[in-house]
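Using my numbering, read the sequence shown as starting at 266 and increasing by one per residue.
Scroll down for the structure; my scribbles are underneath it.
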Amino acid sequence: MSGFAQKTYLKVTKSNEAHDYVMYPPGTKFELKTKEGYIVFKNSDQPGNIDIEDKHTLYVYPSWKDDADIFELTEGKVEKLLTYKFSDSRKASGVKSIHSNGVTATSNVSNSETIEGKKNLEFVLSNGIKFIYEDGVYNATLNEEELTIKYKYLIYSDLGVLKLSFNSSNGKVWWVFEPTKE
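Written out as structure tokens, the structure is:
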């Protein structure tokens, strides 16, 4: 069985402004409700989208938080998009190379030398973005310049946004890179 499969991730476009969106990895639970409280879109592995033209409330339940991210939306869209090359890193160890939107990534998952049972990650994109997670500390750089990281693994650069999720208990890595629109 191949380690590659098609999965869907959640993308929330909050307005018509450039870069006014947030993404969540496959498996993230969510509910989009109308102003009357009816659920019109929720988590599944099927791609799809809802264009927002009047008031909706989106509840997203990320695995890395205890509480929901709540978005009051009056415009934009909520999408489940395919990650064409999704790799479950538990199926193989060592250095791997995968692609997203024309960018290649090399990831190296290793055992922590200081925290028993935990994993560390070195993740490098072909465009120069580098992410390192070591014993609970993470940072990202582009050409040796530090990048802004939001919500642990949402990494912003002039080149685009890297959404990366890393489980330090089992070494599972998920990522997608969305380049800046020209």
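We put the CB at the ideal spot given by N, CA and C, even for glycine.
- When rounded, the separation of the alpha-carbon atoms in A370 and E301 is 43 Å.
- Per DSSP, the continuous beta strand (DSSP E) segment holding S372 begins and ends at V368 to N376.
- Assignment of beta-bridge partners to N385 by DSSP yields S375.
- G425 carries a strand assignment under DSSP once its states are collapsed to helix, strand and coil.
- Residue burial is scored here from C-beta neighbours: W439 has at least 16 other C-beta atoms within 10 angstroms and is therefore classed as buried.
- Nearest in C-alpha terms to V374, of all of T293, S430 and D316, is S430.
- The region 303-312 makes no contact with the region 377-386, as fewer than three CB pairs between them are under 8 Å.
- Within the same chain, Cβ atoms closer than 6 Å to the Cβ of K298 are found at I304 and T322, the five residues on either side in sequence being excluded.
- Under the three-state reduction of DSSP, L412 is assigned to coil, being neither helix nor strand.
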